[in-house]
Every structure is written in structure tokens, then in C-alpha cells.
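Below you'll find the structure, written out as C-alpha cells, and then a few comments.
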Amino acid sequence: MGMFFNNFFIVLPLFLIIAFGYFCAAIGLLPKTCAGALSKFSFTVTIPTLLFRTMADIAHLPPPNWLIAVAFFGSCFIVFAIGTVIGRIFLHLNGEGQTIFGMAGVFSNNVQLGIPITIALLGKEAMPSIAVIFSLNGFLMWTLATVAIEIARNKSPSFRKTLIDGLLATIKNPIVVGIILGTLWGFTTLDLPAPVSKSVDLLANSAAPVALFAVGAGLSNYKITSNLNFTAWITALKLGLQPLVVFFLCHLLGLNFHEMQAACLLSCLPVGVNVYIMAQEFNVMQEGAANALLVTTALTSVTLPLTLGFFGLL
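So the sequence shown is numbered by this note's numbering: it starts at 2 and just counts up by one.
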């Protein structure tokens, strides 16, 4: 219990920033458009800069083990399949609803929450491992969702077009660009010019608070509705089942302690905003996705240190 409280108080300041962002937006201190602008700034500027700075030091960091991606995304496919079955049998969702429900059980807020929490709990040494997951996450998850939705709509999805579109989107993703550029610069073993290095440091150091504040401000746009049954099932899948499956796969694949820490930490994160974007894109389950986003984010401050502590990973 002492270990739980120790780690709870490590992550608590991060969630207090989220709460402060929510409060500022909820009382009208910030305009509604501010959350989206801050999120965009975080996603396209500060977090890629942080990843660039971290990966530029790659020569002094442990090499990533690509099996971590097998463990993490293996859990995504397993829990997604289970989620679609639950959505069909217990919630009586159609094919499109089952897809969004399944995605809500596996698509984490890896960037805006994952990076600050990983650095706070595990240190920058974990970044190469989670960079592997960041690089593949958007491509694999959006491809899976798109193909599943097209099948549900009785269409014949073009796997070739879907893969090409997904790869192009991944290459242009600012997070991936930051990882790649930082890695390439790290292999040169050169130091950045002092003024450039200082600018990079200023932007990188702002990444965590800006991202967390943006998450809170963005959550103020969502309200708890009547889809509580949907939300309860998603919470059980996302914060309960997926961490268990990842933990099992990590053991099965023989990952070391630090790799297991990184993979399990990311699996313990709440539903990502991309699930709500998917629900809007495909015009299904928008209220349920918004509920799951809000509730799982609020609960993660407690469930994340509790789950990792239970696994003996903290």
C-alpha cells in the first residue's frame, strides 16, 4: 500500500494539471476553441520536440526491443476481438457500433498522457521502447478500424488503399517525424548549436504541462450521458482486461522488467480522443465514446499506479 501511495503522488501532479485545464475551460476562463488549439500545438510542436530531444540522445539509451510492439499490439487485437463480441451479445450493437466499442477498449491516450507519465514514473530510458509503439500505433489502429467498419457496412475494403493511406499518414505524423529526426541526429553524435539546443529545451520542457492542460480543457467539451452500461464495459476492458493481456504477453515473449513496465504502463492509459474522432468520422456511438473518454481519464489517476503496483512493476 505504501508503494501505491508513493507512485500515486508521483502521477498526481500530472492529473492535477488535467483537472486545472478542465476547470479553466468549464468556467469559461478559456474559449471553447482553446482546447483544440492547445492540443494541436502539443501534438505538432512540443511533443515532437520532446521526442526529438530524447531520441537525439539515443547513443546513451538502451536499444529498443521490437517484441514490445508484438506484446502491446497483440493485446490490442485480442481485446478488440473480445470487445466486438461483448458489443454484439451484451449491448446489441450493430457492426459499426461493435467496431467503435472494440476500439474504445484498446486505443489509449498514448501521446498526451503516455509521454508525461512514462517520463515521470520510468524516466527517459523507457522512451526508445515506447517510441516503437508510438510509431506504429496510429497506423495499425486506424487501419484496423477502417477495415472493420467497411466490412460491417457490407463493402469490400481495399486493403491496398487502406494500407497505403495509413502508411502515408504515419510518415506525416508529427510524432513519428520527431522520433525519426531525433534518431537520425543522434546517430551523427553531433551537438546542436547552443541557441538551437536552448530553444529545443524550452519547447521540450513545456510539452508535458501543455499536453496535460490541453487534455483537461478538451474533456470539458464532453458530458456524462445515459450510456453508462457502455461506459462500464469499456472501463473494464480498457483499464482492466488490456493491462492483464499485455502483462501475460510480455511474460510469454520473455521481455525484461523495464520493457514490461513500458508496455504495461501504456496499456493502463485511458481511452484516447482518437476513439471519439472515429465515432464522429463513422457517425456511430459518439456519446458513448465521449463518456468512456471522460470516465477512464478520471479513473486512471488511481487505476494506473494500482495496476502497475499489483503487477510488481513499480
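From the three backbone atoms N, C-alpha and C, an ideal C-beta is built for every residue, glycine too.
query	result
Thr236: first and last residue of the uninterrupted alpha helix (DSSP H) it sits in	Leu229 to Ala237
Nearest neighbour of Asn66, chosen from Pro129, Ser76 and Leu307 [CA to CA]	Pro129
Where the alpha helix (DSSP H) containing Gln113 begins and where it ends	Unbroken run through Gln113: none, as it is neither H nor E.
Under the three-state DSSP convention, the category Val285 falls into	coil
Host alpha helix (DSSP H) of Leu254 (start-end)	Gln243 to Leu254
Neighbourhood of Ile87 by C-beta distance below 8 Å, restricted to the same chain and skipping five residues each side	Phe102, Trp234 and Leu238
Bridge-paired residues (DSSP) for Val272	Ser109
Three-way DSSP call (helix, strand, coil) for Gly139 in this model	helix
Ile165 burial status per 10 Å Cβ neighbour count (16 or more: buried)	exposed
Validate contact between the stretch 103-115 and the stretch 258-276 using beta carbons, cut 8 Å, 3 pairs	yes
Beta-carbon spacing of Met56, Ile180 below 8 Å	yes
Residue interval of the alpha helix (DSSP H) (run including Leu204)	Ala195 to Asn206
Own chain partners of Pro49 with C-beta closer than 7 Å, once the 5 adjacent residues on each side are dropped	Pro175, Ile176, Val178 and Gly179
CB contact flag (Glu74, Leu141, <8 Å)	The identity of residue 74 in the sequence shown is Phe, whereas the question assumes Glu. Yes.
With 16 other Cβ atoms within 10 Å as the buried cut-off, status of Ser302	buried
Three or more C-beta pairs below 8 Å linking the stretch 33-52 and the stretch 238-257	no
Same chain only: Cβ atoms within 6 Å of Gly84, ignoring 5 sequence neighbours per side	Phe102, Gly103, Gly106 and Leu238
Beta-carbon proximity of Ala208 to Gly22, cut-off 8 Å	no
Distance between Asn257 and Leu309 (C-alpha atoms, nearest Å)	15 Å
Residue environment, Ile28, which counts as buried when at least 16 other CB atoms sit within 10 Å	exposed
Selection from Ile120, Lys162, Lys173 and Glu151 that minimises the alpha carbon distance to Leu137	Lys173
Selected residue, minimal CA-CA separation from Thr226, among Val216, Ala299, Ile134 and Ala293	Ala293
Where Asp192 falls: helix, strand or coil (DSSP)	coil
His93 (DSSP reduced to helix, strand or coil)	coil
Same chain, Cβ closer than 7 Å to Ile11, neighbours up to 5 away in sequence not counted	Ala121 and Leu122
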